[in-house]
Structure formats: structure tokens, C-alpha cells
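A.B. asks: Structure in C-alpha cells, see below.
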Amino acid sequence: MRIYALHVGLLALLLALHFVLPAYHHGNLARVMVLASYAMGYNLMFGYTGLLSLGHALFFAAGMYGMGLGVQHLGLSAAPALILGLGAGALVSGVLAALALRTAGVAFMIVTLMFAQAGYLTVLYFGALTRGDEGFVIQQADRMLWGIDLSLEGNRYLAALTLFGTCLMLCLWLVRAPFGRVLVAIRENEERVRMLGYDVFAHKFAVMVMSGTMAAAAGAAYGLLFGYVGASFASVQYSIFPLLWVLLGGAGTVLGPFIGTLFMFYLIDLSSGVTTAYMLIAGVALVLLTLFAPQGLMGEVRRRVWRGLP
Amino acid sequence: MLLSTRGLSKNFAGLRAVEDVDFDLPKGEIRALIGPNGAGKTTLVGMISGRIAPTAGRVSFDGQDITALPAHQRMRLGMAYTFQITSVFGRLPVRENVALAARRHLRGTAVEAAVESALARVGLSDRASQEAGDLAYGHQRLLEIAMGLAQSPRLLILDEPTQGLAEGEIDSFLHLIREVAQEATILLIEHNMRVVMDLAHRITVLNFGQVLAEGTPAEIHANPAVQAAYLGGLPDAATG
Ligand SMILES: Nc1ncnc2c1ncn2[C@@H]1O[C@H](COP(=O)(O)OP(=O)(O)OP(=O)(O)O)[C@@H](O)[C@H]1O
Ligand SMILES: [Mg+2]
């Protein structure tokens with residue numbers, strides 16, 4: 001009960017902030033919520049199941065390009081384009097899961113990294129369709145969802161909150177359900193799980209598709225809300241980001257990805273205001289955090305304050 | 311026959327760990343599997359449970375050929391397996407360890423009931439909220455047994471379950487296994503001869519990967535080939 005109060009409370013707080021935040025932070029928070037949804041998808045695999053993927057940009061980009069190309073070349077309106085993005089993410093993550101889950105550990109990291117890199121190069125190769133690095137803009141007229149103009153700040157924030165809330169509640173429910181408990185058990189001791197009679201591969205496959213689809217949802221939403229689709233979102237950077245956010249916020253906690261994304265976003269934002277060497281400041285802060293809170297921020301909260309935190 | 315193997319063999323890079331084993335275990339029996347270190351006992355039950363792929367031979371369970379089935383499906387047919395080297399979820403609470411075992415076949419309040427009952431049977435009820443990794447070694451062995459019980463198996467395979475248990479704990483273990491044997495067939499690898507002689511209906515002796523002898527505890531005790539394999543006699547029944 002307290003657990004639901006906490007998570008619903010955060011959503012309520014974010015809704016309240018909608019009415020009071022100044023425009024600059026309002027815009028930032030909308031972005032953070034979409035990226036945090038991406039990180040939550042990543043966390044399902046990395047934090048809960050112990051599968052370290054270095055290729056999640058592939059899923060994020062699958063969603064973004066599935067949506068964007070649907071709008072640009074198939075003339076789809078926003079809703080079917082979003083669904084196309086989700087479908088693309090589910091398909092791509094399913095295919096990659098079938099291939100990559102035959103490996104484990106470092107090999108898994110490398111296989112996911114290579115496939116994501118292949119995805120990035122594919123985006124560049126089909127430059128005629130994707131406009132490569134330069135990317136393309138989603139016109140305001142195409143950003144209407146059920147008559148709501150997503151290019152307007154207020155609508156954008158509420159749409160981001162809707163996505164974030166959906167992902168948050170899905171994650172919360174999932175990790176507390178029997179399925180999620182098995183994921184944690186796989187992370188802790190895979191062989192024991194197998195010898196308890198669970199199909200480990202099927203569980204990993206399912207969570208990878210869920211994780212990839214959630215990442216794709218965030219990618220599609222990002223393109224639609226901020227009106228731009230570009231190859232940089234498919235680059236290796238965007239595979240590393242969710243890993244950093246989740247590590248910072250606390251791997252294997254439901255709120256960790258949001259906290260980590262928010263923290264990192266403002267860390268870079270604030271330090272870039274102070275100096276041009278802002279990445280250095282961000283780097284130092286990261287090192288300090290890994291030294292003093294190796295479980296991430298929410299991981300520390302769980303360790304010190306609230307042991308049952310999901 | 312609940313369990314049968316025919317010609318079951320395993321080579322590890324030329325080492326014949328198990329060689330041409332025909333093994334039959336009728337329903338309801340407590341069978342002990344004994345043999346010197348390295349005789350192939352763990353490898354044999356590994357092939358029975360599906361952890362280890364055999365080099366040759368077949369396994370059948372309850373009349374069904376399961377040679378091709380992966381381990382998790384064999385467990386679903388009603389096997390449960392406890393590891394020789396303790397394998398629990400060290401960072402999860404004791405209760406959750408057992409609940410994971412129970413939830414494979416139960417849902418809702420039935421899970422809690424199964425968990426409470428399994429923990430009570432091994433005497434770990436008061437440690438349910440502790441992290442499994444914090445338990446003493448002997449208690450981790452008991453937790454493994456509780457995880458086995460929570461699966462309500464038809465065949466319970468125990469690989470040296472009494473290793474690390476104190477004498478007093480062994481007495482309650484003997485009692486527990488007799489009770490479990492009312493519902494399940496038991497295949498027990500054991501070095502402690504007191505446990506073997508006390509519990510087993512029949513004993514299979516493995517030596518250099520082959521079945522050396524099989525019979526009642528009295529027959530095995532009197533068997534000269536078995537005596538020889540143990541280099542000068544069976545370990546003393548009192549000390550194990
Ligand atoms: N994975 C493996 N790779 C190579 N050799 C192995 C492997 N597993 C077991 N062996 C070898 O196979 C033989 C049988 O081992 P096994 O573990 O089955 O014996 P055991 O009867 O269970 O012994 P113990 O009483 O010491 O547990 C041993 O010589 C062992 O070294
Ligand atoms: Mg052994």
C-alpha cells in the first residue's frame with residue numbers, strides 16, 4: 001500500500017508541477033519523463049534480470065524511426081504512426097533476443113552492441129529515406145493526436161507524463177508479479193531457477209521484448225513530442241545513456257531510472273552553465289556517486305531506509 | 311518404475327565419469343546412491359535431472375522417455391533437485407527462496423501455505439525474513455530441502471543433503487525424509503553411513519562410473535566388492 005502511495009504520489013507531484021513550473025524546467029521535465037521511460041525499459045533487463053545490453057539505442061531508434069518514417073513516407077497520422085513505432089520495437093527486440101540470448105555476459109554485451117551499430121549504419125545507409133545524420137522534422141500538422149496538438153508545451157508535458165505514468169505502473173506491477181520475481185531470481189542464480197522448473201530462456205526473451213518495446217515507445221514519443229527524428233538517437237551514445245541513468249538512479253528499483261535521468265539531466269545542464277568543460281564536472285560527480293552510493297541513489301534508499309522498496 | 315536409465319554414460323574429455331548405467335527406481339522407494347569420491351554420483355543424477363547431457367543412453371520417468379527434455383521440463387514433470395554445492399538465492403529472503411519454488415505450480419494464497427509448511431518442516435520458520443546468504447551453512451542445506459518440498463515433487467533428488475548438518479539436525483532430517491517418503495520417491499546421494507543405513511530401502515553403489523552393487527542395506531554392508539571399493543571397509547556407521 002505504501003508502495004503504491006509512493007509511486008502514485010510521484011505521478012501526482014509531476015502533475016502538480018505542470019501547473020507551477022517555469023517554462024524552462026517544464027520543458028526539461030517533459031524530456032526527462034520520456035527519457036526516463038526509456039531508462040525504465042532498460043532497467044527491466046539490466047536491473048531486474050541482470051542482462052547488460054549495450055544496444056538499446058536500436059530499440060529506441062526502432063520506435064522513433066517506425067513512427068517517423070510512418071509519418072514521413074506512409075502519410076500516417078500520429079496514432080497509427082506510434083503503433084508502427086511500437087511494433088517495430090517489438091519486432092526488432094524479438095529478433096535480437098532470439099539471436100543474442102544464445103550468448104551471455106560479455107558476449108551478450110558485444111552482440112547487442114554490434115547489432116545496434118548495424119542499426120545505426122542502416123539508418124545512415126538509407127539516407128534517402130532517413131536523411132541520415134541530418135534527420136528530419138515532424139511537422140506540426142503531423143503531431144496531432146486525437147485532436148491534441150503535441151507541439152504545444154502543456155500538451156507535450158501531459159503526454160510525456162501519460163507515457164511515463166504508464167511505464168512506471170507497468171514496471172511496478174511487473175516486478176511485483178510472479179513473472180518479475182522470476183526475473184530477479186534469474187539475475188541472482190540462473191541455474192537454480194532452471195532447476196526449479198522455470199524456462200529461463202522464455203523469461204529472458206519475454207523481458208527483452210518488453211524492454212525493447214518500452215524503449216521503442218519512448219523513442220516514438222520523443223520523436224513525436226519534440227518533432228525531430230535523427231540518426232544520433234541510434235548511435236552508441238544512446239545505448240550508454242540508459243545504462244548510466246539506471247546505474248545512477250539505482251538498478252533494480254522502479255523509481256531509480258527516473259531519479260537517475262533527472263539527476264544526470266540537471267547535472268549536465270547546470271555544469272554546462274558554469275564551464276565549457278561541463279562533461280568533466282559531470283564525470284567527477286559520477287565518480288563520486290559510484291564511490292559513495294554504488295547501488296545508485298534509490299539503491300541507497302533501499303539499503304538504508306526502506307528495504308522492501310521494489 | 312518411476313525412473314529408469316539404460317546405458318547411461320558420460321565422458322568428460324576422455325574421462326569416463328559414468329559408464330553404461332542401468333538404473334531402476336520404483337515408486338515410493340528411498341534409494342541411496344553411494345560410492346567413493348569421484349565415482350560419478352553427481353554426474354549420474356545430473357543426467358537424470360537434465361543438468362548434464364549424456365554422452366549415450368536413455369532416461370525415462372514415469373514411463374515417458376525424457377532423454378531429450380530440457381531440465382526445466384523434467385522438473386515440471388515432478389522432479390525436484392537439490393545441489394551438492396549449496397545453491398540458493400543468497401540475496402533474497404529465505405521466504406522468497408521457497409516461494410519461488412512454490413509459485414512454479416501454485417498461485418495466490420496456496421503459495422503462502424506451501425511456503426509456511428515447507429519452512430516449518432525443515433525448522434526454518436523463524437528465519438523466514440532473513441537473507442538466505444546470511445544463514446549458516448547447515449541452514450542453507452535445509453533451505454534447499456525446503457525449496458524441494460515446496461515443489462511437491464514425485465521424485466526428490468538430494469545430493470549430499472546432510473553435509474554440514476550437526477548431529478542433532480541429522481536426526482530431524484531422518485525424521486523429515488521418512489515423512490516426505492510417504493508422498494515422494496527419494497533418490498539420495500549420501501556419504502554419511504548412519505543416514506544411509508537408517509533411511510534407505512535399497513542402496514546402489516557406484517564405483518568408477520559403474521554400478522558395483524545394488525541391494526538392501528544389509529546386503530550392501532556384507533558385500534566384499536563394496537568393502538574393497540571403500541579401501542578396507544565401509545566408513546563406520548556411527549561416524550559417517
Ligand atoms: N564438468 C566436468 N568436467 C570434467 N570432469 C568432470 C566434470 N564433472 C565431474 N567431472 C569428473 O567426473 C568424475 C565424477 O564426478 P562426480 O562429481 O560425478 O563424482 P561424485 O561421485 O559426485 O563425487 P563426490 O562424492 O566427490 O561428490 C570425477 O572424476 C570428476 O572429476
Ligand atoms: Mg558429488
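Those sequence lines, one after another, are chains V and P.
Counted the way the numbering used here counts, the first sequence spans residues 1 to 310.
Counted the way the numbering used here counts, the second sequence spans residues 311 to 550.
Beta carbons: idealized from backbone N, C-alpha and C, even for Gly.
For chain P, is any of its Cβ atoms less than 7 Å away from the one on V:Gly50?
C.D. replies: Taking Cβ atoms only, chain P never reaches closer than 7 Å to V:Gly50, which makes this a no.
A.B. asks: Is there a Cβ from chain V that is less than 7 Å from the Cβ of P:Ala381?
C.D. replies: Yes, because at least one Cβ of chain V sits closer than 7 Å to the Cβ of P:Ala381.
A.B. asks: Is V:Gly41 closer than 7 Å to V:Ser271 when the C-beta atoms are compared?
C.D. replies: No, Cβ-Cβ distance for V:Ser271 and V:Gly41 is not below 7 Å.
A.B. asks: Helix or strand or just coil, what does DSSP make of V:Met195?
C.D. replies: The answer is coil: DSSP assigns V:Met195 none of H, G, I, E or B.
A.B. asks: By how many angstroms is the C-alpha of V:Val32 removed from the C-alpha of V:Met144?
C.D. replies: Going from the Cα of V:Met144 to the Cα of V:Val32 covers about 21 Å.
A.B. asks: Counting only beta-carbon atoms, is V:Thr189 nearer than 7 Å to chain P?
C.D. replies: The question names Thr, but residue 189 of chain V is Asn in the sequence shown. Answer yes: the Cβ-Cβ gap between V:Asn189 and chain P drops below 7 Å somewhere.
A.B. asks: Closest to V:Ile240 by C-alpha separation, out of V:Phe136, V:Ala39 and V:Leu82, would be which residue?
C.D. replies: For V:Ile240, the nearest C-alpha among the options comes from V:Ala39.
A.B. asks: Output yes if chain P places a C-beta closer than 7 Å to the C-beta of V:Asp199; else output no.
C.D. replies: Output row for V:Asp199: interface = yes.
A.B. asks: With a threshold of 6 Å, establish whether the CB of P:Gly350 neighbours any heavy atom of ligand 1.
C.D. replies: Within the cutoff, so yes.
A.B. asks: Would you please verify whether the beta carbon of V:Gly308 is less than 7 Å from any beta carbon of chain P?
C.D. replies: No - not a single Cβ of chain P is within 7 Å of the one on V:Gly308.
A.B. asks: With DSSP collapsed to three states, give me the class of V:Phe126.
C.D. replies: Three-state result, V:Phe126: coil.
A.B. asks: Quick one, are the C-beta atoms of P:Asn510 and P:Ala342 less than 7 Å apart?
C.D. replies: In the sequence as displayed, the identity of residue 510 of chain P is Ala instead of Asn. Taking 7 Å as the Cβ cut-off, P:Ala510 and P:Ala342 qualify as a contacting pair.
A.B. asks: Using 7 Å as the threshold, is the C-beta distance between P:Lys320 and P:Thr352 below it?
C.D. replies: Their beta carbons are not under 7 Å apart, which means P:Lys320 does not touch P:Thr352 by this criterion.
A.B. asks: For P:Met311, would you say it is in contact with chain V, using Cβ-to-Cβ distances shorter than 7 Å as the test?
C.D. replies: No, its Cβ sits nowhere closer than 7 Å to a Cβ of chain V.
A.B. asks: If I'm right that V:Ala30 touches V:Leu225 with Cβ under 8 Å, what's the distance once you round it to whole angstroms?
C.D. replies: V:Ala30 to V:Leu225, Cβ: 7 Å. Contact.
A.B. asks: Measure the alpha-carbon distance for P:Ala532 versus P:Glu524 and round it to whole angstroms.
C.D. replies: Answer to the nearest angstrom: the Cα atoms are 12 Å apart.
A.B. asks: Kindly indicate the opening and closing residues of the beta strand (DSSP E) around P:Phe371.
C.D. replies: Looking at the DSSP string, the run of the beta strand (DSSP E) that includes P:Phe371 is Ala366 to Phe371.
A.B. asks: Go to P:Asp481, then tell me how far its alpha helix (DSSP H) extends in each direction, as first and last residue.
C.D. replies: Note, P:Asp481: alpha helix (DSSP H), Glu477 to Val490.
A.B. asks: Residues in its own chain within less than 7 Å of V:Leu267 by CB, not counting five upstream and five downstream?
C.D. replies: Ala282 and Ala285.
A.B. asks: List, in order along the chain, the chain V residues whose C-beta lies closer than 7 Å to that of P:Ala411?
C.D. replies: What P:Ala411 touches in chain V: Leu196.
A.B. asks: What is the residue span of the beta strand (DSSP E) that V:Val209 lies within?
C.D. replies: No beta strand (DSSP E) holds V:Val209; the alpha helix (DSSP H) holding it covers Val200 to Phe226.
A.B. asks: With a Cβ-Cβ cutoff of 7 Å, do P:Ala411 and P:Ala349 count as a contact?
C.D. replies: Against a cut-off of 7 Å, the Cβ pair of P:Ala349 and P:Ala411 comes out as no contact.
A.B. asks: How big is the Cα-Cα spacing for V:Asp149 and V:Phe59?
C.D. replies: Rounded to whole angstroms, V:Asp149 to V:Phe59 spans 26 Å at the Cα level.
A.B. asks: From the DSSP secondary-structure annotation, give me the bridge partner or partners of P:Asn517.
C.D. replies: Answer is P:Gln520.
A.B. asks: For the region 453 to 487 of chain P, enumerate the residues whose C-beta is nearer than 8 Å to any C-beta of chain V, in chain order.
C.D. replies: The residues in question are Met457 and Gln461.
A.B. asks: With DSSP collapsed to three states, give me the class of P:Arg326.
C.D. replies: Looking at P:Arg326 - three-state DSSP - the assignment turns out to be strand.
A.B. asks: Looking at P:Ile358: is its Cβ nearer than 7 Å to the Cβ of P:Val369?
C.D. replies: A contact, by the Cβ cut-off of 7 Å.
A.B. asks: By the three-class DSSP mapping on this structure, what secondary structure does V:Ser271 have?
C.D. replies: Residue state, collapsed to three classes: helix.
A.B. asks: Buried or exposed: where does P:Glu329 fall if 16 or more other Cβ atoms within 10 Å of its Cβ makes it buried?
C.D. replies: P:Glu329 is buried by the Cβ-count criterion.
A.B. asks: In the DSSP assignment, the alpha helix (DSSP H) including P:Asp508 goes from what residue to what residue?
C.D. replies: Taken as a continuous stretch (DSSP letters only), the alpha helix (DSSP H) holding P:Asp508 covers Met503 to Leu509.
A.B. asks: Is the Cβ of V:Pro178 closer than 7 Å to any Cβ of chain P?
C.D. replies: True, the Cβ-Cβ gap to chain P drops below 7 Å.
A.B. asks: What does a CB cutoff of less than 8 Å around V:Glu300 pick up in its chain, not counting 5 residues either side in sequence?
C.D. replies: Here the set comprises Gly250 and Ala293.
A.B. asks: In this structure, does DSSP put V:Ala251 in helix, strand or coil?
C.D. replies: Coil, per DSSP.
A.B. asks: Rounding to the nearest angstrom, what Cα-Cα distance links V:Leu14 and V:Ala234 in this structure?
C.D. replies: Approximately 29 Å, taken between the alpha carbons.
A.B. asks: Leaving out five residues before and five after P:Val432 in sequence, what residues of the same chain have Cβ atoms less than 6 Å from its Cβ?
C.D. replies: Correct list, in chain order: Leu452, Ile455 and Ala456.
A.B. asks: Look up P:Ser439 in the DSSP assignment and say whether it is helix, strand or coil.
C.D. replies: Note: P:Ser439 maps to coil in three-state DSSP.
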